[in-house]
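In the working numbering, the protein residues as written are 11 to 843.
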């Protein structure tokens, strides 16, 4: 059990020992070698425990690979597909790369077409967008790894009939979620070690009926089993017992019962320096659903409709676009018919409760979501409130009139205005949900396996939205297990941005309340979504912040009127707080531009546009022996080169000092922190909300370019081109802000810190003296004014001398596994025996 009492201002959370037992290891590579054996584990507080399997050790058992599928784990993906009676696959069809399976031919073709199409769209970055390498679709060293099994028996609203069964799912779904990964070997000329592996920003969600079609077990018994597993998690049951119980849970998931496969893929990304929208980057996600299509030789998985993802093109009078289902191209549909449906009494009730199920005739077969910026971007809102009728799906006046009429006979619980109705519509879609309180476009990226470098490893397997919904899901599961039929009040979903207020355990408790001992920040805590007073039309949402936090807007936009985040009050700035405010304007659907307020000055005297942010106004002052860094959003090219330069101060010219030189170089080629973020230059005197981490430093991006050329491994870059920095700490109870990810802690403790510090320093010294490094890299390594001091004893003594074991909040695209660009298909793959 982890104790964070020394790390947070409020009382420690009552942590129940659900420990992600093999999560993240301290990093001690030998010029890019493997991680050491010390574990750092994440712990989940009791109210956030739910019907899910997320522990890497348990998942590895369920995903166990064997050349004989009879001995493989029951959820090994390749064997799942191979053993599906519908596929009629032979042994010769077996492949580790899922896209190479014969039944996935149409999936591979669809994904390849999507990846090739993205750079053709200006709104996705055009020629500046770098797509995920198509070669991974055929690379033999690619595979998918099980990262979670999630009970979704709360999804009782889906009334779609399942193909081949002519009936709806009786009691919801179970999702087995996978991440795409690869491994390979570099040429013998590579710097450091040759073998490496990484995950890619791609997930597959394999959806089963909660109750198998064989009807061998009742819905009630399925619910009871999952409740029993969740209770064992809360009780701290042994890993061996959890593995045994997990195997029982998944024993009813049969290959032939798979209802659909959902693909969520970061298809392309525009780097900060190439982004013309000033969001600091542009990540484009492609979301697809595939369903089984019977045919000669067994059939194939083919693209299919997506729940609540409307086909905007056809609804607005166009024949089709890239999102349109193949069999619907050129088939006209009526926008008015959709509006009439949405404003019918039954649909209004469904929208109010977050249980909408739009008829298939209006739906698309592909969704696109964009990051960062979430709901401030028009492209993440299929029901965008467009300024012109030509792009408007549904009008506020029609919504207001329908709500007024509905209110004469019925009571609305969660919607009180056209704005809230439209928000509910957008959040019900794939593109809207995946960019709201998510992790780089995902809600369950999964915990990384034990040998992953912390600088490339996820600390928390789920998003704030995921953990915040568990109390609701457990309540529904308890009803089903007891034989009750869940009713609308319990089935009602929260807004994706924020859990329902009735779940008080998710709200920070007053320090004076001696009965409460929880300090969970999901409702009204730091980083939580809130509503600014007097900005949005009056509705029913009560989204305030826990005092003394204040609701502040960071992405001001008519696309999300009044939305802000809970942050430090005026006059106080904490580590991790936003450092800039801006306005998002959408001239056309999907074309969004950000402008900082006050506006960044234009180019002057051939100097690069200065997007840096001063910390002179920050209070309180930085700790003694430390200094603030205001990371910014928009790209900054920087001034000068890597060598010391002359500067003019007043009427005199002199050489810059070592500190001025280091600060100038540190600011070169920076940007990409959404809404900016305050951090500290050193791990010295860290305040309680901060922890120490290794962040990308000068030379890191050029190093990753060499990874793409097959000259070194990513771990080699992580081990050399990073600096110590004080950043916002995170865990499940204290999540990061939107558009940030909770990265693994370093694993430093009072006992091992000196050894790890010295090992890292030696790697940097060796690299500085190595002829294998470029001249510029050696210059960068020689500049050691910031981020090279050993973390202080106060930080190392946290958590009873075990060191601060919380994660750290950084932008997701600073994590190698979450950026589509940079990953190149390895030139060589050596399969394991």
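Heads up, the beta-carbon is just placed ideally off N, CA and C, and yes, glycines get one too.
TODO: Taking residue 765 as part of the alpha helix (DSSP H), name the residues at either end of that continuous run.
DONE: Start at 1 with the first residue of the chain shown, and residue 765 comes out as number 755. Residue 765 -> alpha helix (DSSP H) spans 763-779.
Task: Touch test, the stretch 167-186 against the stretch 134-150, Cβ-Cβ under 8 Å, three pairs minimum - done: Touching, no, given that fewer than three Cβ pairs across the two stretches are closer than 8 Å.
- [ ] Compute the Euclidean distance between the alpha carbons of residue 718 and residue 832, then round it to the nearest angstrom.
- [x] For the purposes of this step, residue 718 is taken as the residue at position 708 of the chain shown. For the purposes of this step, residue 832 is taken as the residue at position 822 of the chain shown. Using only the alpha carbons, I get a separation of about 6 Å.
TODO: For residue 506, count neighbouring Cβ atoms within 10 angstroms of its own Cβ and tell me buried if that reaches 16, exposed if not.
DONE: By one-based count along the chain shown, residue 506 stands at place 496. Residue 506 comes out buried.
Open item on the list: Quick check: what's the CA-CA separation for residue 292 versus residue 802?
Closed with: Taking the chain shown and counting its residues from 1, one reaches residue 292 at position 282. Taking the chain shown and counting its residues from 1, one reaches residue 802 at position 792. Near 37 Å, if we compare the C-alpha coordinates of residue 802 and residue 292.
Task: Presumed contact (8 Å Cβ cut-off) between residue 575 and residue 688, rounded CB distance - done: Along the chain shown, read from residue 1 onward, the residue named residue 575 stands at position 565. Along the chain shown, read from residue 1 onward, the residue named residue 688 stands at position 678. In fact, because the Cβ distance is near 14 Å, the residues do not count as touching under 8 Å.
- [ ] Going by DSSP, name the residue or residues bridged to residue 825.
- [x] Here residue 825 refers to the residue found at position 815 of the chain shown. DSSP lists no bridge partner for residue 825.
Task: Inter-residue spacing [alpha-carbon to alpha-carbon] between residue 373 and residue 315 - done: In the chain shown, the residue the question calls residue 373 occupies position 363. In the chain shown, the residue the question calls residue 315 occupies position 305. Approximately 6 Å between the Cα atoms of the pair.
TODO: Please report how far the alpha carbon of residue 38 lies from the alpha carbon of residue 322, in whole angstroms.
DONE: Taking the chain shown and counting its residues from 1, the one referred to as residue 38 is at position 28. Taking the chain shown and counting its residues from 1, the one referred to as residue 322 is at position 312. Low local confidence applies: a pLDDT of 32 at residue 38 is under 50, so the model's placement there is unreliable, with the coordinate-based value given in what follows. If I take the Cα positions, the gap works out to 51 Å.
Task: residue 513 versus 539, 309, 478, residue with shortest Cα-Cα distance - done: Taking the first residue of the chain shown as 1, we reach residue 513 at position 503. For the residues 539, 309, 478, the minimum Cα distance to residue 513 belongs to 478.
Task: Pairwise C-alpha distance: residue 283 and residue 845 - done: Residue 845 lies beyond the range of the chain shown here (11 to 843); nothing can be said about it.
Task: Secondary structure of residue 342, DSSP reduced to three states - done: Within the chain shown, numbered from 1, the residue matching residue 342 stands at position 332. Of the three classes helix, strand and coil, the one that applies to residue 342 here is coil, per DSSP.
TODO: Identify which residue in 561, 497, 531, 572 has its Cα closest to the Cα of residue 546.
DONE: Position 536 of the chain shown, counted from the start, is the residue given in the question as residue 546. Distance from the Cα of residue 546 is smallest, within the candidate group 561, 497, 531, 572, for 572.
Open item on the list: Can you tell me whether residue 451 is buried or exposed? The criterion is at least 16 other CB atoms within 10 Å of its CB, across all chains shown.
Closed with: What you label residue 451 is simply residue 441 of the chain shown in a count that begins at 1. That one is buried.
- [ ] Tell me whether residue 88 is buried or exposed, calling it buried when 16 or more other Cβ atoms sit within 10 Å of its Cβ.
- [x] In the chain shown, the residue the question calls residue 88 occupies position 78. With 16 or more other CB atoms across the displayed protein chains lying within 10 angstroms of its CB, residue 88 is buried.
TODO: Compute the distance between the beta-carbons of residue 392 and residue 427, then report whether it is under 8 Å.
DONE: Walking along the chain shown from the start, residue 392 turns up at place 382. Walking along the chain shown from the start, residue 427 turns up at place 417. Contact: no.
TODO: Using alpha carbons as the reference points, say which of 454, 809, 530, 230 lies closest to residue 556.
DONE: Working through the chain shown from its first residue, we reach residue 556 at position 546. Ranked by Cα distance from residue 556, the first of 454, 809, 530, 230 is 530.
Task: Identity of the residue in 208, 376, 799, 465 nearest residue 637 by Cα - done: If you number the chain shown from 1, residue 637 lands on position 627. The shortest C-alpha separation from residue 637 is found at 799.
Open item on the list: By the three-class DSSP mapping on this structure, what secondary structure does residue 680 have?
Closed with: Your numbering for residue 680 matches position 670 in the chain shown. DSSP places residue 680 in strand when its eight states are reduced to three.
- [ ] Report yes or no: do the stretch 650-670 and the stretch 745-757 share at least 3 C-beta pairs separated by less than 8 Å?
- [x] Contact between the stretch 650-670 and the stretch 745-757 is absent, because fewer than three Cβ pairs lie under 8 Å.
- [ ] In the DSSP assignment, find the alpha helix (DSSP H) that holds residue 428 and state where it starts and stops.
- [x] To locate residue 428, count along the chain shown from 1; it is residue 418. Start and end: 428-438.
Open item on the list: Give me, in chain order, the residues of the same chain whose beta-carbon lies closer than 8 Å to that of residue 320; leave out the 5 immediate sequence neighbours on both sides.
Closed with: The residue given as residue 320 occupies position 310 in the chain shown. Setting aside the 5 residues that flank it on each side, residue 320 is surrounded in the same chain by 348, 368, 372, 373, 374, 392, 393, 403, 439, each with a C-beta closer than 8 Å to its C-beta; the list follows chain order.
Task: C-beta contact flag for residue 377 and residue 436 at 8 Å - done: Start at 1 with the first residue of the chain shown, and residue 377 comes out as number 367. Start at 1 with the first residue of the chain shown, and residue 436 comes out as number 426. No, the Cβ-Cβ distance between residue 377 and residue 436 is not below 8 Å.
- [ ] Just the C-alpha distance for residue 828 and residue 414, rounded to the nearest angstrom, thanks.
- [x] Within the chain shown, residue 828 is the residue found at index 818, counting from 1. Within the chain shown, residue 414 is the residue found at index 404, counting from 1. Their backbone Cα atoms lie some 45 Å apart in a straight line.
- [ ] Look at residue 594 and residue 310 and say whether their C-beta atoms are less than 8 Å apart.
- [x] As a working mapping, residue 594 is identified with position 584 in the chain shown. As a working mapping, residue 310 is identified with position 300 in the chain shown. No, they are not a contact pair.
Open item on the list: If you measure between the beta carbons of residue 102 and residue 79, is that distance less than 8 Å?
Closed with: As a working mapping, residue 102 is identified with position 92 in the chain shown. As a working mapping, residue 79 is identified with position 69 in the chain shown. It is not a contact, given that the beta carbons lie outside the stated cut-off.
Open item on the list: Counting C-beta neighbours from all protein chains within 10 Å, is the total for residue 158 16 or more, i.e. buried, or is it exposed?
Closed with: Position 148 of the chain shown, counting from 1, holds the residue named residue 158. Looking at its Cβ environment, which holds 16 or more other Cβ atoms inside 10 Å, residue 158 is buried.
TODO: Would you tell me roughly how many angstroms separate the C-alpha atoms of residue 693 and residue 567, rounded to the nearest one?
DONE: Residue mapping note: residue 693 aligns to position 683 of the chain shown, counting from 1. Residue mapping note: residue 567 aligns to position 557 of the chain shown, counting from 1. In this model, residue 693 and residue 567 are separated by some 36 Å (Cα to Cα).
Open item on the list: If I measure Cβ to Cβ from residue 458 and keep anything under 6 Å in the same chain, skipping five residues before and after, which residues do I get?
Closed with: Residue 458 sits at position 448 when you count from the first residue of the chain shown. The answer, listed in chain order, is 467, 468.
TODO: Assign residue 664 to buried or exposed, taking buried as 16 or more other Cβ atoms, counted over all protein chains shown, within 10 Å of its Cβ.
DONE: For this step, residue 664 is matched to residue 654 along the chain shown. The residue is exposed, with fewer than 16 neighbouring Cβ atoms inside 10 Å.
Open item on the list: Would residue 577 pass as an interface residue toward chain D - the criterion being a Cβ-Cβ separation below 8 Å?
Closed with: Considering every chain present, this structure includes no chain D. It has just one protein chain.
- [ ] Measure the C-alpha to C-alpha separation of residue 825 and residue 465 and round it to an integer number of angstroms.
- [x] Mapped onto the chain shown, residue 825 falls at position 815. Mapped onto the chain shown, residue 465 falls at position 455. The straight-line gap from Cα to Cα measures roughly 7 Å.
- [ ] Given a cut-off of 8 Å, decide if residue 192 and residue 151 are closer than it, judged by their beta-carbon atoms.
- [x] Stepping through the chain shown from its first residue, residue 151 is reached at position 141. Stepping through the chain shown from its first residue, residue 192 is reached at position 182. Yes, the pair counts as a contact, with Cβ atoms nearer than the cut-off.
Task: Residue burial classification, residue 818 (beta-carbon count within 10 angstroms, cutoff 16) - done: The residue given as residue 818 occupies position 808 in the chain shown. Label assigned to residue 818: buried.
Task: Sequence-distant residues of the same chain with beta carbon closer than 6 Å to residue 360, five excluded per side - done: On the chain shown, residue 360 is found 350 positions in, with the first residue counted as 1. Closer than 6 Å at the Cβ level, and outside the excluded window around residue 360, lie 366.
Task: Nearest residue (CA-CA) to residue 271, options 519, 552, 216, 97 - done: As a position in the chain shown, residue 271 is number 261, starting the count at 1. Looking at the Cα atoms, 216 is the closest of the given residues.
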